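The opening residue of the sequence shown carries number 67 in my numbering; numbering runs sequentially from there.
Yeah, the Cβ is synthetic: ideal placement off N, Cα and C, and Gly gets one too.
All of these numbers come straight from a predicted model, not from anything done at the bench.
What follows is a short report on a single structure.
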Amino acid sequence: MPPVTQEPPAPAAETKSVIDMSKMNEGQRAALQVTEAARESHDDLSFVAHLFMGRWRPGKLYPLTEVDADEKARADKFLAELADFLREKVDGDRIDRTGEIPDEVLAGLAKLGAYGIKVPREYGGLGFSQTTYGRACQLIASHCTNTFAHLSIHQSVGVPQPLMLFGTEEQKRKFLPRVAGGEISAFALTEVGVGSDPARMTTQAVPTGDGEAFILNGEKLWCSNGTRAGLLIVAAQTPPKMVDGKPRAQITTFVVEAKAPGVEVVHRSQFMGHRAIYNGVIRFTGVRVPRANIVGGEGRGLKVALTTLNAGRLSIPAASIGVAKRALQIAREWGGARIQWGVPIGQHAAVAEKIRRIAAHTFAMEAMLTTTSRIVDRDKQADIRLEAAMCKLWATEKAWMCLDEVMQIRGGRGYETEQSLIARGEKPYPVERLMRDNRVSTLFEGSSEIMRLFIMREALDPHLKIAGIALNSERTWGERIKSALNAAVFYAFWYPRQWLPFGGGSPAGMHPHLAGGMDEVAALSRRMARTLFHQMLRHGVKLEKRQVLLGRFADIGSDLFALAATCVYAQKLLQDGEPAAKILMLVDDFRAQALVRVEQNFRGIGRNADQHGYDLAQQVLAGEHQWVERGIV
Ligand SMILES: Cc1cc2nc3c(=O)[nH]c(=O)nc-3n(C[C@H](O)[C@H](O)[C@H](O)COP(=O)(O)OP(=O)(O)OC[C@H]3O[C@@H](n4cnc5c(N)ncnc54)[C@H](O)[C@@H]3O)c2cc1C
């Protein structure tokens, strides 16, 4: 349906920050300056970015791009061989118990080409699409999470991904064939004081006198694959640049040879799960790195790291789908086989509810990831930051919910190790191992809290560009008044449209049931957009501090994206000849569950105890409620 009224164009993007940093302390200001400078910028808003503005752009998702027939045939063969290899040669339980992936497994994976699934064929890789890479991640993670982590870290954030995005032709020719052929790579960003906030990085790279190289000094924490890697991507501080008369921190990324003198593994970290992740503390002492090994340019390191994480962020949700499918399989088999109180436990309503939740959310996860992957396959430059962040946030949290549900369905057996089950002669469903391995998924490569903040930063970006300067006390009055006038004109058109009862419109040719679902998402997106606007008016620049409130918007947006994706994905399945009754049953059930959550979140925006809760937490931190801790050892 064409737009009802035309909004005036939003004012052009600003080069100076539109965010008011005047009330921030030095640490907050530095962190924000560094991450703001590293943000990707795209002219064309994505489906989800439009959704937050109450604009309905289904053409950005629909129809799903078809996978090229030649690729499909090659991919099916590769995935079948990979599945056989996993079944025959990879013992996930043994890898977990020993903390080692046997050399013959690594060699076998290399022979299959599994180290360079997306690396173009001209550089020695298999040259597959994002869709095929996602299918491979799903397959591997459903069987052995350690093997998945090893391959995914290597190619989603290790050397291949940043080089494919930012590498020079020379770098690609030099390093990609090595890593695609099985030389292990790792990504070293985190430090003891640098977790979610990279601005405080202490690892330093100082140029040599002749400018030909840099000398690297520092220590990186939790570098996965790091204890076995041949090549590392390392982020370090390079000399600061002067911006507006003040020194501005510069972060640069380098490809570093792990065998270079001065590179040392000083500790192998051990975790609750992922016991064969080869994760360690890597120390760099006077390591000489050629200038030619800078990736993406000096001072652009955080942009390289964040863009790499954005692009690589789709592998973890792919793994979450594999894990959720495994949970569904276990829930189905055990829910039907285990008889208690005279019937299979799956017939007790409380257990059936869990099976239903696992099934519907697994379907929705796959819909979200497939839809997003196809956008990438259609246009590698497309802006998928919001969609990818939502896939990561939503799928990792929902996969954890699925694991929690299947643990409950398995009862005491869910808590028992595979070895103990085997010793008693029972089938070793790996629920205990899956839980240990997957808890970290909501923590690393962007924790859930950081994903919600990231989503809302991007969701609010159009508003910040329109009205941010008017509210920014660091700008001149002239700039602020001009911005306020522009904003007034924009919102005079935009705001009334968010109340219109129409303005959806599903793409032509969609099944009527799915078209209805799409219309519903369009209407809810306008409700989300106007509610967000009301909160902007209410809280002004302080909205940024209301993380719990913003989190509800991130969750509503994620559920709306999931709802739209299930309709688009279901339409494709129908076109491929899948039976309508079965597909629509899942679509409807997911819709019912998601709409309850969306409604709860809307209610929570209007009525909540967030401030009270925040005040209590600060009192707890100040030790005022230590009395609650009485009675423990
Ligand atoms: C098994 C494992 C493998 C890893 N592999 C790698 C790797 O290969 N390479 C690498 O560089 N790193 C790696 N990491 C590090 C990982 O990416 C970090 O753990 C992650 O970035 C979070 O940092 P942190 O643990 O220091 O948490 P912190 O940043 O200290 O955060 C602690 C908590 O506070 C929350 N928080 C922080 N800031 C905010 C904020 N502004 N607002 C709201 N909440 C906030 C976080 O969400 C989290 O819940 C790995 C970690 C693990 C556990």
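By alpha-carbon distance to Thr-351, the top candidate from Met-230, Ala-553, Phe-568, Thr-269 is Thr-269.
Linking Arg-423 to Pro-273 through their CA atoms gives a straight-line distance of about 55 Å. Annotation for Gln-601: the continuous alpha helix (DSSP H) segment containing it runs 578-605.
C-alpha of Asp-162 to C-alpha of Ala-553: approximately 57 Å in a straight line.
Assignment of Phe-627 by DSSP, reduced to helix, strand and coil, places it in the helix class.
Bridge partners of Pro-356 according to DSSP: Ala-279. Ala-595 is the residue among Thr-632, Ala-630, Ala-595 whose C-alpha sits nearest the C-alpha of Phe-619. Beyond the five residues adjoining it in sequence on each side, Val-361 comes within less than 8 Å, by CB distance, of Pro-228, Leu-229, Phe-232, Gly-233, Gln-237, Ile-299, Thr-319, Phe-320, Val-321, Gly-367, Val-370 in the same chain, given in chain order.
Residue range 415-444 is occupied by the alpha helix (DSSP H) that includes Ile-424.
With contacts defined as CB atoms closer than 8 Å, Ala-207 and Gly-388 qualify as a contacting pair. Distances from the CA of Gln-601 to each of Val-587, Ala-589, Gly-617 were compared; the closest alpha carbon is that of Gly-617.
In the assembly as shown, Arg-451 is a buried residue. Its beta-carbon has 16 or more other beta-carbons within 10 Å. Proximity of the beta carbon of Phe-320 to ligand 1 is not indicated: no heavy atom of the ligand is located closer than 7 Å. In the three-state reduction of the DSSP assignment, Leu-287 falls in the strand class. By the neighbour-count criterion, in which 16 or more other beta carbons inside 10 Å mark a residue as buried, Thr-438 falls on the buried side.
Boundaries of the alpha helix (DSSP H) around Ala-202: 196-209.
Relative to the non-hydrogen atoms of ligand 1, the Cβ of Gln-613 comes within a distance shorter than 7 Å of at least one. Per DSSP, Pro-168 lies in no beta strand (DSSP E) segment and is marked neither H nor E. With a minimum length of 3 residues, the unbroken runs of beta strand (DSSP E) contained wholly in the stretch 204-264 fall at 251-254.
In the DSSP annotation of this structure, the continuous segment of the alpha helix (DSSP H) that includes Met-456 starts and ends at 451-476. Just measuring C-alpha positions, the residue of Gly-571, Val-417, Gln-485 sitting nearest Asp-159 is Gln-485. Per DSSP, Arg-502 is not a residue of any beta strand (DSSP E); the alpha helix (DSSP H) it occupies stretches across 497-504. Look at Lys-155 here: in three-state DSSP terms it is helix. Of the candidates Glu-235, Glu-147, Ala-385, Ile-250, Ile-250 places its Cα closest to the Cα of Asp-169. Comparing alpha-carbon positions, the option among Ser-112, Thr-131, Leu-130 lying closest to Trp-122 turns out to be Ser-112. In the displayed model, His-333 falls within a strand according to three-state DSSP. Bridge partners of Gln-406 according to DSSP: Val-409. In the three-state reduction of the DSSP assignment, Val-322 falls in the strand class, which pools E and B.
Taking the Cα positions, Ala-358 is about 53 Å away from Arg-563. In the DSSP assignment, Ile-299 falls within the beta strand (DSSP E) that extends over 297-309. Separation of the CB atoms of Leu-287 and Val-329 is rounded to 15 Å, and the pair is thereby denied contact status at 8 Å. In the DSSP annotation of this structure, the continuous segment of the beta strand (DSSP E) that includes Ala-271 starts and ends at 270-273. With a threshold of 16 other beta carbon atoms within 10 Å, Asp-142 falls short and is exposed.
In terms of side-chain proximity, the C-beta atom of Phe-337 is found nearer than 7 Å to a non-hydrogen atom of ligand 1. For Trp-543, the enclosing alpha helix (DSSP H) has its first and last residue at 543-563. Rounded to whole angstroms, the gap between the alpha carbons of Arg-663 and Gly-689 is 35 Å.
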